[in-house]
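Comments concern the structure below.
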Amino acid sequence: MSLMSVAMAGCSSSETEEASAPAKTEVKGESQTSIEEATPSTVIVQGKNSTGEYVDIEVPYDPQKIVCVDYVAVDMIDSWGLGDRIVGMSKDSAPSLLSEYVENTEIINLGGLKEVDMEAIMELEPDLIFTSGRMGSKYDDFSMIAPTLMTNTDYDMEYMESFEFHAKRNAQPFGVEDKVAEQLSGYHDRIAKIQEAAEGKTVVMGLTLGGNLTTLGDGSKGSIVGRVLGFDNIADGIDSNHGNASSYELILDLNPDYMFVIDKDIATNVGGAVAAPQLLDNEIMHQTKAWQNGNIGFLAPSEWYVGEGGIQAMDVMLSDIEKVLFKAE
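Structure (structure tokens):
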């Protein structure tokens with residue numbers, strides 16, 4: 034099934050046909066007589082609008098002033114060596130791999146991922162804005178300031194289709210499609226190796242918040258583990274991004290081969306909470322196969338929770354799994 038047909042399941046037939054067509058890039062050149070040779074001024078890419086529909090969006094080619102209300106976009110732009118074009122971004126709770134941008138005082142701090150300074154964005158007069166699903170309700174407001182692309186993991190799609198779609202789509206305004214193809218190809222071999230080793234292995238994905246443990250299904254954060262990497266997520270069925278309140282007795286009852294845990298408190302800079310490794314260091318967890326075999330992985334919180342979908346975050350995420358799965362190598 035094609036990427037866009039998965040994303041648009043349930044829409045009208047005409048909408049589905051339009052969305053399931055191969056992603057396209059139209060180039061509007063400055064010269065009508067030699068359009069193929071001219072430097073393009075804009076490109077047409079596909080993205081979600083305020084209602085969640087995939088539509089054609091005209092954006093400037095080679096934008097020089099970029100605003101990111103989304104860490105995934107900063108991650109990608111940095112990996113392409115274009116970070117000097119970012120003039121404003123949400124800095125609250127940014128993944129550690131983006132610390133250079135957080136500390137750069139020339140980049141205006143626009144707030145967090147749920148509340149931003151709209152006046153500051155207008156004053157920056159950006160050429161292009163990147164936002165995430167958390168700010169989907171503000172999409173039309175952003176679009177009145179500058180063309181806006183929404184970048185976030187679409188759990189209604191196949192996981193890697195969503196990841197690769199956004200990476201390739203975001204590359205188009207910058208003309209770095211070849212670079213992205215090279216980046217993505219490097220992940221395919223790593224994923225295949227993980228899948229082979231994970232076949233037949235059970236897992237529970239956990240998330241800690243405020244001293245409590247929740248389990249995550251394959252429609253939420255960390256779903257790459259069950260949906261892509263080959264583990265059998267035996268706590269699946271939880272579709273909320275924030276998981277389902279669980280007890281340590283439940284984990285013992287499930288008794289997975291592996292357990293991977295995201296500490297949301299650290300990911301969102303909540304102080305005073307007990308860290309995940311300390312929470313799970315208890316008598317009940319000590320009885321589980323995962324604990325006894327050293328198969329519990331505490332994942333990089335910010336990359337997994339707020340940075341999921343980024344090209345560099347993907348490297349961190351795969352490394353987290355590889356460290357536990359291949360620890361004897």
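Sequential numbering from 34 applies to the sequence shown in the working numbering.
Don't be surprised by glycine CBs; every beta carbon is placed ideally from N, CA and C.
Per-residue burial, residue i [other beta carbons within 10 Å of its own, 16 or more giving buried]
| i | result |
| --- | --- |
| D286 | exposed |
| E336 | buried |
| K356 | exposed |
| S218 | exposed |
| A52 | With a pLDDT of only 38 at A52, under 50, the local geometry of the prediction cannot be trusted, and the value read off the model is given with reservation. Per the 10 Å Cβ criterion, buried. |
| K297 | buried |
| F359 | exposed |
| S280 | exposed |
| T247 | buried |
| S74 | exposed |
| H199 | buried |
| V100 | buried |
| D251 | buried |
| T84 | exposed |
| N266 | buried |
| I68 | Note that I68 scores 45 on pLDDT, short of 50, meaning its location in the model is unreliable; the coordinates nonetheless yield the value given after this. Exposed, by the Cβ-count rule. |
| E63 | Residue placement at E63 is poorly supported in this model, since its pLDDT is 47, which falls under 50; the coordinates still yield a value, given next. E63 should be labelled exposed. |
| A225 | exposed |
| S256 | buried |
| Q325 | exposed |
| T186 | buried |
| S123 | buried |
| S35 | Residue placement at S35 cannot be trusted, given a pLDDT of 39 that sits under 50; what the coordinates show is reported in the next sentence. Exposed, by the Cβ-count rule. |
| V303 | exposed |
| T321 | buried |
| S352 | exposed |
| D222 | exposed |
| D211 | exposed |
| G114 | exposed |
Short Cβ contact (8 Å threshold) for residue i with residue j
| i | j | result |
| --- | --- | --- |
| I354 | I227 | yes |
| G116 | I141 | no |
| P96 | D174 | no |
| L143 | V149 | yes |
| V213 | F163 | no |
| R202 | V78 | yes |
| A300 | S126 | yes |
| Y94 | P180 | no |
| L240 | K254 | yes |
| K234 | F196 | no |
| G244 | L332 | no |
| I284 | M318 | yes |
| D314 | V236 | no |
| T184 | S170 | no |
| V107 | V92 | no |
| Y172 | N82 | yes |
| A204 | M238 | no |
According to DSSP, residues forming a beta bridge with residue i
| i | result |
| --- | --- |
| K81 | Y87 |
| D265 | T235 |
| D296 | T241 |
| Y291 | V236 |
| F163 | C101 and L182 |
| T301 | T301 pairs with nothing; no bridge assigned. |
| N142 | M122 |
| V92 | V76 |
| F331 | V294 |
| V149 | G144 |
Cβ-Cβ separation, residue j to residue i (assumed contact under 8 Å), whole Å
| i | j | result |
| --- | --- | --- |
| M292 | N328 | 7 Å |
| R167 | L146 | 5 Å |
| G25 | Y104 | Residue numbering for the chain in the displayed model covers 34 to 362; residue 25 lies beyond these limits and cannot be assessed. |
beta-carbon residue i near the ligand MG non-hydrogen atom, thresh 7 Å
| i | result |
| --- | --- |
| Q216 | This structure lacks the ligand MG; in fact it carries no ligand of any kind. |
Exercise. Counting pairs of Cβ atoms below 8 Å between the segment 341 to 352 and the segment 289 to 308, do you hit three or more?
Worked result: no
Exercise. Are the segment 252 to 260 and the segment 184 to 198 touching by the rule of at least three beta carbon pairs closer than 8 Å?
Worked result: yes
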